[in-house]
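Peer 1: Structure provided below as structure tokens; questions to follow.
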């Protein structure tokens, strides 16, 4: 028996919309937007939600906000802290220009930002002695490029609920979210600025209305 169908499905690297994320060994593409993770303490988590991220004063890659696409990497932080005091944020990161740092004493290991890069990326299992775990790591110089979007891990359900409520409350505060009101496209379910509706058209095969930003569309089976 043969099966006929029409449609499409998009596999995205995260640069345009939340889709299939790149693996840890794949280099973040310049100007891409990715879901990553950041580990911190419970007290610091509350401050970050309220005030945003701040640069760390130092680190293997210098100043910046340290994140990873590997949740296991983020779950190790803060180092030497009690696991009952660890929170892992899910964050949205605009990486900008990316510099690969894949060996000890790399000439730009600390100075990558002064050379015009926004993010430094350490690929997994690259052999750097300063990364004994071998897990992927990123450092984003400008904290404004990193935004908390959720809680990936918390010590218990009570703290998770508290932090999620703080995130929700902060996102609704005046002056947050870019200023302009947003609507949601009824077809692709993505946000769009008010007054700037997405372009729609009819599918050439089934005639259904579709949005050009839909990640997939399958035509209904024909009798």
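In our numbering, the protein residues as written are 3 to 225. By construction, the Cβ of each residue, glycine as well, lies at the ideal position given by its N, Cα and C atoms.
1. With a CB to CB cut of under 6 Å and the five nearest residues on each side skipped, what residues in its chain are close to residue 168?
2. Using 10 angstroms around the beta-carbon of residue 186, count the other beta-carbons present and answer buried if the total reaches 16, otherwise exposed.
3. Given a cut-off of 8 Å on the beta-carbon distance, is the pair residue 142 and residue 97 in contact?
4. Indicate whether residue 2 and residue 140 have their beta-carbon atoms separated by less than 8 Å.
5. Residue 113 and residue 100 look like a contact to me (Cβ under 8 Å); what is the Cβ gap, rounded to whole Å?
6. Return the CA-CA distance between residue 175 and residue 206, expressed in angstroms with no decimal places.
7. At what residues does the beta strand (DSSP E) containing residue 1 begin and finish?
8. Please state the DSSP three-state secondary structure of residue 204.
9. With burial defined as no fewer than 16 other Cβ atoms inside 10 Å of the residue's Cβ, what is the status of residue 179: buried or exposed?
10. How many angstroms separate the CA atom of residue 2 from the CA atom of residue 146?
11. What are the boundary residues of the alpha helix (DSSP H) that includes residue 50?
Peer 2: A quick look at the data gives this:
1. Position 166 of the chain shown holds residue 168. Scanning its chain for C-beta atoms nearer than 6 Å, with the 5 sequence neighbours on each side dropped, one finds around residue 168 the residues 51, in chain order.
2. For this step, residue 186 is matched to residue 184 along the chain shown. With fewer than 16 other beta carbons inside 10 angstroms of its own, residue 186 counts as exposed.
3. The residue labelled residue 142 in the question sits at position 140 within the chain shown. The residue labelled residue 97 in the question sits at position 95 within the chain shown. The Cβ atoms of residue 142 and residue 97 sit closer than 8 Å to each other.
4. Lying before the first or after the last residue shown, residue 2 is absent from the chain, which here runs from 3 to 225.
5. What you label residue 113 is simply residue 111 of the chain shown in a count that begins at 1. What you label residue 100 is simply residue 98 of the chain shown in a count that begins at 1. Contact annotation, residue 113 with residue 100: C-beta distance approximately 15 Å; criterion of less than 8 Å not satisfied.
6. Residue mapping note: residue 175 aligns to position 173 of the chain shown, counting from 1. Residue mapping note: residue 206 aligns to position 204 of the chain shown, counting from 1. Distance from the CA of residue 175 to the CA of residue 206, rounded to the nearest whole angstrom, comes to 43 Å.
7. Outside the shown range of the chain (3 to 225) lies residue 1, about which nothing can therefore be said.
8. Taking the chain shown and counting its residues from 1, the one referred to as residue 204 is at position 202. DSSP, read as helix, strand or coil, puts residue 204 in strand.
9. To locate residue 179, count along the chain shown from 1; it is residue 177. With a pLDDT of only 49 at residue 179, under 50, the local geometry of the prediction cannot be trusted, and the value read off the model is given with reservation. Here residue 179 is exposed: its Cβ has fewer than 16 other Cβ atoms, across all protein chains shown, within 10 Å.
10. Nothing can be reported for residue 2, as the shown portion of the chain is limited to 3 through 225.
11. Translated into the one-based positions of the chain shown, residue 50 becomes position 48. First-last of the alpha helix (DSSP H) with residue 50: 44-53.
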